[in-house]
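Beneath this line is the structure, given in structure tokens, with notes to follow.
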Amino acid sequence: MLTLEDLFVVAVVWGTVIVLSWFLSSYLLGVFTGRKSRLDRILVPVENFIYLLAGIDSSKNMGWKEYFKTLLYLNAGEAILAFFILMFQQSLPLNPMHYSGMSWSLALNTVLSFSSNTNLQHYNGELTLSYLSQMSAIQFLQFTSAATGLAVGVAVIRGFAGKARTIGNFYYDYVRSLTRVLLPLAFIATIILIFMGVPQALSGYPTVSTLQKGATEILYKGPVASLVSIMQLGTNGGGYFGANSAYPLQNPSQLSDLFEIGMMMFIPTSLLFLFGRMVGDNREGRTLFLAAYAIYGIDLLIAFLSTTVIGRGLEVRIGGVASTLWTVTTTAFTTGSLNASLSGFNPVVILTAFFGMLIQAAPGGVGVGAMYLIMYVIVTIFLVGLMAGRTPEYLGVKIEGSDVKLAVAAFLTHPIIILVPTVVAFAIGAESTVGLAANATGFTRIFYEFTSAAANNGSDYLGAAGNTVFFNVATGIVMWVGRFLPILFMLAIADGVSTRKRSQKQGLKTGSISFVVILVFSIFILTVLTFFPFLVLGPVLQFLQGMKLSIGGVIFGL
104 MLTLEDLFVV AVVWGTVIVL SWFLSSYLLG VFTGRKSRLD RILVPVENFI YLLAGIDSSK
164 NMGWKEYFKT LLYLNAGEAI LAFFILMFQQ SLPLNPMHYS GMSWSLALNT VLSFSSNTNL
224 QHYNGELTLS YLSQMSAIQF LQFTSAATGL AVGVAVIRGF AGKARTIGNF YYDYVRSLTR
284 VLLPLAFIAT IILIFMGVPQ ALSGYPTVST LQKGATEILY KGPVASLVSI MQLGTNGGGY
344 FGANSAYPLQ NPSQLSDLFE IGMMMFIPTS LLFLFGRMVG DNREGRTLFL AAYAIYGIDL
404 LIAFLSTTVI GRGLEVRIGG VASTLWTVTT TAFTTGSLNA SLSGFNPVVI LTAFFGMLIQ
464 AAPGGVGVGA MYLIMYVIVT IFLVGLMAGR TPEYLGVKIE GSDVKLAVAA FLTHPIIILV
524 PTVVAFAIGA ESTVGLAANA TGFTRIFYEF TSAAANNGSD YLGAAGNTVF FNVATGIVMW
584 VGRFLPILFM LAIADGVSTR KRSQKQGLKT GSISFVVILV FSIFILTVLT FFPFLVLGPV
644 LQFLQGMKLS IGGVIFGL
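As numbered in our numbering, residues 104 to 661 make up the sequence shown, in order.
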């Protein structure tokens, strides 16, 4: 049951994140427009050394094709490097437990997962990965994938702003995302987490005595704080432990719980404000912010109203409401980390989690959340233009037919890569390989697996049970297509818009509250119409079956 205290906590988290995000957006504006900073004396030589070492030109403007090819090749190279680290970790240092290398399918799934900012984990980290693998493969990809997302988000915003008449240079955006945003913020967050009780050590796993007389247990620890910081700030979600942030050493207290929730909201929210700053009209940024948070808030309210104080699979020290807050937030921001088992939630909470992942813009992940919101804006403006008989325009720029086609292609990517593999999985009986039956519960869990993979979220029901060749390969393909194909379409739109002539007169007032309402309504309608049949077969049917059992129990109990 939701209390005033719970509402106060949510208000404090939201308020703190929103205020800090507003200030961060001002800083990001300086970072990505080249505004002079006091940090330049330290960071410019470092950045220039990176460019020199890599032999790249960071001042050259790129078209959308070159921008996309550059980011795709770089991410592929990083994934290949991490793949070999995971495959041969038994021969590498910092492996005190002498863990063997991953199988090829699990290593492939893991690097595709982390390089796409998904962090779907078909393994238990503390029982599978060495310290070196956690740091040089997992954390490395968490930084680089977040930097890629941030660079893409800025490039799309820059294109729609039109002031630079280009989407920019990927190397410039990528390196600055790392040196001036992610690394400094992660360092600060790591220090705070250490003070909150999250371990940061390389001394091996100690054996400790338990409360039971004569019994001992291995205490799994390691460089946890540094991983958790970028896990949340970069909306990655992949934890050091198999239980993720339900594990006490990754999330020791209610204070750390709220801090980690705030971290995953921080950068995506700031990107919405950055949009307004870069286009020169804060009302446009306000539109994206209000639409995203309206959807997030509706999801949260529905989930709260159906949440019990505590249930099976939920952490007693955290509580049902805080667990629901985390679950809705982690899917709305496409992070994927968890502080409770998904099995502990009722179907209504799971349904709200589905909506967060299916929409991907409430507010979505680092960089790509803002990108998807702009995609929805284009589709909405087109639909309104059709109904009003007017030429669709956005920020004074005419939205052409090619833009609408590309936006629709970006939108349709996810229904295709979610629904097709879900059907294939049941057609070949893959659900039985992970201990599931072909019923509403089994359908929900398989549907959730591919939805999470396509949305680059990473939360899942299967966990280590999903370590089969089919699910490793299938979700791996879905994760990369779901990550990079929409980016391709949106970069093409932004690059085309960046050089178009802009009129001073704007038809549809996209900075108004009325447009916020239209945008939210359009997003909900598009999502429901696309995924309704599958949602009915999964969480909705689960809910109705539960209601039937409850009503039957009451009747026969009388």
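Quick reminder that beta carbons are idealized off the backbone N, C-alpha and C, glycines included.
Determine the contact status of residue i and residue j, defining contact as a CB-CB distance below 8 angstroms.
i: leucine 288; j: leucine 336; result: yes
i: leucine 647; j: leucine 408; result: no
i: serine 218; j: asparagine 272; result: no
i: isoleucine 621; j: valine 487; result: yes
i: serine 348; j: serine 440; result: yes
i: leucine 223; j: glycine 561; result: yes
i: isoleucine 462; j: isoleucine 401; result: no
i: valine 451; j: isoleucine 484; result: no
i: asparagine 442; j: serine 426; result: yes
i: phenylalanine 550; j: phenylalanine 637; result: yes
i: leucine 454; j: proline 642; result: yes
i: threonine 136; j: alanine 249; result: no
i: glutamate 552; j: glycine 545; result: no
i: leucine 361; j: valine 122; result: no
i: isoleucine 260; j: aspartate 598; result: no
i: valine 581; j: proline 524; result: yes
i: valine 255; j: methionine 474; result: yes
i: glycine 388; j: threonine 437; result: no
i: glycine 513; j: methionine 593; result: The identity of residue 513 in the sequence shown is alanine, whereas the question assumes glycine. Against a cut-off of 8 angstroms, the Cβ pair of methionine 593 and alanine 513 comes out as a contact.
i: asparagine 227; j: glycine 579; result: no
i: valine 537; j: phenylalanine 574; result: yes
i: serine 140; j: glycine 133; result: yes
i: serine 161; j: tyrosine 275; result: yes
i: alanine 240; j: tyrosine 170; result: no
Near residue i, which residues of its chain fall below 8 angstroms by C-beta distance, leaving aside the five closest residues on each side in sequence?
i: serine 329; result: Met238, Gln242, Ala289, Thr293 and Gln303
i: proline 199; result: Ser233, Tyr234, Gly307 and Tyr308
i: leucine 175; result: Phe587
Could you check the C-alpha separation between residue i and residue j for me, to the nearest Å?
i: leucine 110; j: glycine 422; result: 14 angstroms
i: serine 625; j: alanine 510; result: 14 angstroms
i: leucine 611; j: asparagine 559; result: 33 angstroms
i: glycine 470; j: leucine 253; result: 4 angstroms
i: valine 115; j: valine 572; result: 44 angstroms
i: threonine 554; j: glycine 585; result: 10 angstroms
i: tryptophan 207; j: phenylalanine 344; result: 21 angstroms
i: leucine 127; j: valine 311; result: 43 angstroms
i: isoleucine 295; j: phenylalanine 369; result: 15 angstroms
i: glutamine 663; j: alanine 157; result: Limits of the chain in this structure are 104 at one end and 661 at the other, which puts residue 663 out of reach.
i: glycine 193; j: phenylalanine 187; result: For the sequence presented, residue 193 should be read as glutamine rather than glycine. In a straight line, the C-alpha of glutamine 193 is about 11 angstroms away from that of phenylalanine 187.
i: alanine 185; j: leucine 305; result: 20 angstroms
i: leucine 236; j: isoleucine 481; result: Reading off the sequence shown, one finds serine at residue 236, where the question assumed leucine. Each residue's alpha carbon lies about 42 angstroms from the other.
i: alanine 541; j: methionine 367; result: 35 angstroms
i: aspartate 563; j: methionine 650; result: 25 angstroms
i: leucine 476; j: glutamine 607; result: 24 angstroms
i: asparagine 151; j: tryptophan 167; result: 24 angstroms
Starting from the C-beta of residue i, find all residues in its chain whose C-beta is less than 6 angstroms away, skip the five residues before and the five after it, and write them out in chain order.
i: threonine 247; result: Glu181
i: leucine 417; result: Gly423, Ser426, Ala443 and Gly447
i: leucine 281; result: Ala250
i: alanine 557; result: His517, Ile520, Ile521, Val581 and Gly585
i: glycine 300; result: Pro355
So, under 8 angstroms CB-CB, residue i and residue j are touching, yes? Tell me the CB distance rounded to an integer number of Å.
i: arginine 605; j: valine 500; result: 5 angstroms
i: tyrosine 497; j: threonine 613; result: 6 angstroms
i: valine 623; j: alanine 394; result: 5 angstroms
i: valine 619; j: threonine 390; result: 5 angstroms
i: leucine 644; j: alanine 543; result: 4 angstroms
Only counting the same chain, and skipping five residues up and downstream in sequence, which positions put a Cβ closer than 7 angstroms to that of residue i?
i: isoleucine 364; result: Val116, Leu428, Trp429 and Thr432
i: glycine 459; result: Asp402, Val431, Thr434, Ala435 and Ala465
i: leucine 588; result: Thr516
- Message: Quick check: the stretch 355 to 364 against the stretch 253 to 267, are at least 3 beta-carbon pairs closer than 8 angstroms?
- Response: no
- Between the stretch 372 to 390 and the stretch 310 to 324, are three or more C-beta pairs nearer than 8 angstroms? no
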